[in-house]
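Student: Per the working numbering, the sequence shown starts with residue 14, numbered consecutively.
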Amino acid sequence: MTNFIQSFDPEISQAIKQEEYRQNHGMELIASENYQSAAVLATQSSILANKYSEGFPGKRYYGGQENTDIVEQLAIDRAKQLFKADHANVQALSGAAANLAFYSAVMEPGDAILGMDLSHGGHLTHGSPVTFFSKVFNFQRYKTLSNGKIDFNQLRSLAHEFKPKVILAGFSAYPRELEYDKFAEIANEVWAILYADISHVGGFIAAGILKNPFDYGFHAAMTTTHKSLRGPRGALILSKGIVSNPLKKPEDTIENIPTRIDRAVFPGMQGGPHMNTIAAIAVALKEAQTPDFLDYAKQTLINAKTLAEEMLKYGYKLVTWGTDNHMIIVDFSGTNLDGKIAEDTLDKIWISTSKSTIPDDPNPPSRPSGLRIGMPAMTTRGIKAEGTKYIASFIHQALQTVDHPEKLVQLKKEVEAFATQYPVPLFVIN
Ligand code: DSN
Numbered sequence: 014m015t016n017f018i019q020s021f022d023p024e025i026s027q028a029i030k031q032e033e034y035r036q037n038h039g040m041e042l043i044a045s046e047n048y049q050s051a052a053v054l055a056t057q058s059s060i061l062a063n064k065y066s067e068g069f070p071g072k073r074y075y076g077g078q079e080n081t082d083i084v085e086q087l088a089i090d091r092a093k094q095l096f097k098a099d100h101a102n103v104q105a106l107s108g109a110a111a112n113l114a115f116y117s118a119v120m121e122p123g124d125a126i127l128g129m130d131l132s133h134g135g136h137l138t139h140g141s142p143v144t145f146f147s148k149v150f151n152f153q154r155y156k157t158l159s160n161g162k163i164d165f166n167q168l169r170s171l172a173h174e175f176k177p178k179v180i181l182a183g184f185s186a187y188p189r190e191l192e193y194d195k196f197a198e199i200a201n202e203v204w205a206i207l208y209a210d211i212s213h214v215g216g217f218i219a220a221g222i223l224k225n226p227f228d229y230g231f232h233a234a235m236t237t238t239h240k241s242l243r244g245p246r247g248a249l250i251l252s253k254g255i256v257s258n259p260l261k262k263p264e265d266t267i268e269n270i271p272t273r274i275d276r277a278v279f280p281g282m283q284g285g286p287h288m289n290t291i292a293a294i295a296v297a298l299k300e301a302q303t304p305d306f307l308d309y310a311k312q313t314l315i316n317a318k319t320l321a322e323e324m325l326k327y328g329y330k331l332v333t334w335g336t337d338n339h340m341i342i343v344d345f346s347g348t349n350l351d352g353k354i355a356e357d358t359l360d361k362i363w364i365s366t367s368k369s370t371i372p373d374d375p376n377p378p379s380r381p382s383g384l385r386i387g388m389p390a391m392t393t394r395g396i397k398a399e400g401t402k403y404i405a406s407f408i409h410q411a412l413q414t415v416d417h418p419e420k421l422v423q424l425k426k427e428v429e430a431f432a433t434q435y436p437v438p439l440f441v442i443n
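#1: Classify Leu439: buried if its beta carbon has 16 or more other beta carbons within 10 angstroms, exposed otherwise.
#2: Kindly examine the ligand DSN and report whether one of its heavy atoms sits closer than 8 Å to the Cβ of Thr348.
#3: Would you tell me roughly how many angstroms separate the C-alpha atoms of Val179 and Thr138, rounded to the nearest one?
#4: Determine the direct distance from the alpha carbon of Ser212 to that of Phe227, and round the result to whole angstroms.
#5: For a test of your reading of the model: does the CB of Leu249 fall under 8 Å from any non-hydrogen atom of the ligand DSN? Yes or no.
#6: For Ala110, verify whether its CB is less than 8 Å away from any heavy atom of the ligand DSN.
#7: The ligand DSN and His339: does the residue's C-beta get closer than 8 Å to at least one heavy atom of that ligand?
#8: According to DSSP, is Met129 part of a helix, a strand, or is it coil?
#9: Which value, in whole angstroms, describes the spacing of the CA atoms of Gly108 and Lys299?
#10: Within 8 Å: the Cβ of Ile371 and any heavy atom of the ligand DSN?
#11: Can you tell me whether DSSP reads Gln302 as helix, strand or coil?
#12: Quick check on DSSP: helix, strand or coil for Asp265?
#13: Comparing C-alpha positions only, which one of Trp204, Gln312, Leu95 sits nearest to Ala301?
#14: Taking the alpha carbon of Thr358 as the reference point, which residue from Lys402, Ser346, His409 has its own alpha carbon closest?
#15: Taking 8 Å as the cut-off, is the CB of Leu191 close to at least one heavy atom of the ligand DSN?
#16: The beta strand (DSSP E) spanning Met235 covers which residue range?
#17: Using a threshold of 9 Å, state whether the C-beta atoms of Ile362 and Lys425 are closer than that.
#18: Pull up the distance between the alpha-carbon of Pro188 and that of Val84, whole angstroms please.
#19: Is the Cβ-Cβ distance between Ala125 and Phe175 less than 9 Å?
#20: Leaving out the 5 sequence neighbours to the left and right, which residues in its chain are closer than 6 Å to Leu61 when beta-carbon positions are compared?
#21: Check whether the segment 198-210 and the segment 22-40 touch, using three or more Cβ-Cβ pairs below 8 Å as the test.
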């Protein structure tokens with residue numbers, strides 16, 4: 014294959030080659046990461062990248078859209094079908110942008126919204142004070158109990174106190190399935206819009222093996238496309254069509270949530286959609302309709318459960334003592350380890366993980382007490398439960414060897430030998 018990049022830009026080419034080497038020789042256990050298929054990667058490199066397509070299929074601001082309209086409509090139709098939604102916007106650039114677009118679609122500045130506290134498993138865009146949007150909207154943040162599960166009593170009392178326009182169910186670091194029915198019960202008491210951020214679990218919901226918030230009366234949901242869905246970096250904002258207006262009276266219909274979402278994304282927040290990415294989203298959604306994807310999704314959950322069981326056997330504490338989804342959160346409180354030491358140590362043997370807070374973490378966010386470990390990426394590379402036991406063993410050996418650099422050097426060789434048995438899907442472009 015012609016080395017287009019290497020012949021013109023050897024420095025960038027070299028960095029890409031090194032990254033290929035790192036990805037193939039290391040293990041990716043960051044819960045939000047995954048590997049895109051060669052078809053998805055190739056689609057992103059297509060000439061669709063050359064096109065400006067402001068607007069939506071059939072309603073564009075520039076000419077020459079006969080093919081982009083086909084591409085975007087396919088992405089929309091597949092998203093609606095997979096998630097049982099009436100409408101899908103596929104243009105948001107990624108999860109944060111999609112959340113902000115949704116907020117601006119249904120709220121006015123100053124309106125209240127309930128989201129999960131970042132330090133208890135929520136996401137930055139669920140109301141963290143460091144974000145700009147936390148100054149625009151009145152974010153109130155609910156937390157988890159000391160057992161790691163969501164505190165629905167607190168959520169209910171916040172809902173009655175602040176009468177939020179939106180109640181947001183979603184997380185970045187929460188190893189249990191969300192109880193959408195409990196969110197719905199509380200939202201109905203205060204006439205709030207129900208919105209789910211399913212970014213981490215979108216692939217499992219698409220596969221039908223985790224609960225779908227639309228089955229519990231949710232009005233809208235957002236998923237990124239590059240985590241468990243294994244697509245390119247992007248997002249879907251999904252919604253029901255005309256729904257009774259939770260803000261007024263049950264017999265009122267809400268003023269068209271889908272139209273509000275589309276307008277909030279474009280022209281509200283963004284300009285031209287990235288049509289090469291939207292095409293790659295369509296390809297990933299087609300992959301998500303296959304029996305192979307269902308097998309993948311099931312295996313990921315089996316692997317995460319296996320990892321949890323192994324870590325418990327080695328004597329580690331886990332937030333909620335297990336998992337329903339693709340991730341576990343190891344709790345190092347009361348030990349001589351913390352999330353930063355663990356992440357740094359595992360980095361040395363080319364196992365990538367991410368430090369994480371635990372509920373009511375006594376440590377600062379820069380050195381939290383937990384470590385988040387996820388199985389979506391390694392499952393894509395073909396790891397089964399037996400292989401997951403090796404991964405747990407590597408992690409345990411490394412965490413016992415924190416102060417012995419020479420042992421970590423030896424362990425890294427073993428990790429590389431193991432990891433290269435499970436190749437990364439590749440579309441060679443360098
Ligand atoms: N960075 C993603 C995660 O790790 O959960 C969310 O933005």
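Note that CB positions come from ideal geometry on N, CA and C, so glycine has one too.
Tutor: Here's the rundown:
#1: Residue environment analysis places Leu439 among the exposed positions, since fewer than 16 neighbouring C-beta atoms fall within 10 angstroms of its C-beta.
#2: With a cutoff of 8 Å, Thr348 does not count as near the ligand DSN, since its C-beta is closer than that to no heavy atom of the ligand.
#3: Here the alpha carbon of Val179 sits roughly 14 Å from the alpha carbon of Thr138.
#4: Approximately 15 Å, taken between the alpha carbons.
#5: For the ligand DSN, not one heavy atom lies less than 8 Å from the Cβ of Leu249.
#6: No, the ligand DSN has no heavy atom inside 8 Å of this Cβ.
#7: For the ligand DSN, not one heavy atom lies less than 8 Å from the Cβ of His339.
#8: Three-state DSSP puts Met129 in a strand.
#9: Distance between the alpha carbons of Gly108 and Lys299 is about 20 Å.
#10: No; taking the cut-off as 8 Å, the Cβ of Ile371 has no heavy atom of the ligand DSN nearer than that.
#11: It is coil, neither helix nor strand.
#12: For Asp265, the predicted structure reports a pLDDT of 49, less than 50, and the residue's modelled location is therefore unreliable. The matter cannot be settled from this model.
#13: For Ala301, the nearest C-alpha among the options comes from Leu95.
#14: Comparing Cα positions, the closest option is His409.
#15: No, Cβ of Leu191 sits at least 8 Å from all heavy atoms of the ligand DSN.
#16: The continuous beta strand (DSSP E) containing Met235 extends over residues 233-237.
#17: Ile362 places its beta carbon less than 9 Å from that of Lys425.
#18: Here the alpha carbon of Pro188 sits roughly 35 Å from the alpha carbon of Val84.
#19: Yes, the Cβ-Cβ distance between Ala125 and Phe175 is below 9 Å.
#20: Excluding residues up to 5 positions away in sequence, Met288, Asn289, Ala292 lie with their Cβ nearer than 6 Å to the Cβ of Leu61 in the same chain.
#21: They do not touch, by the three-pair rule.
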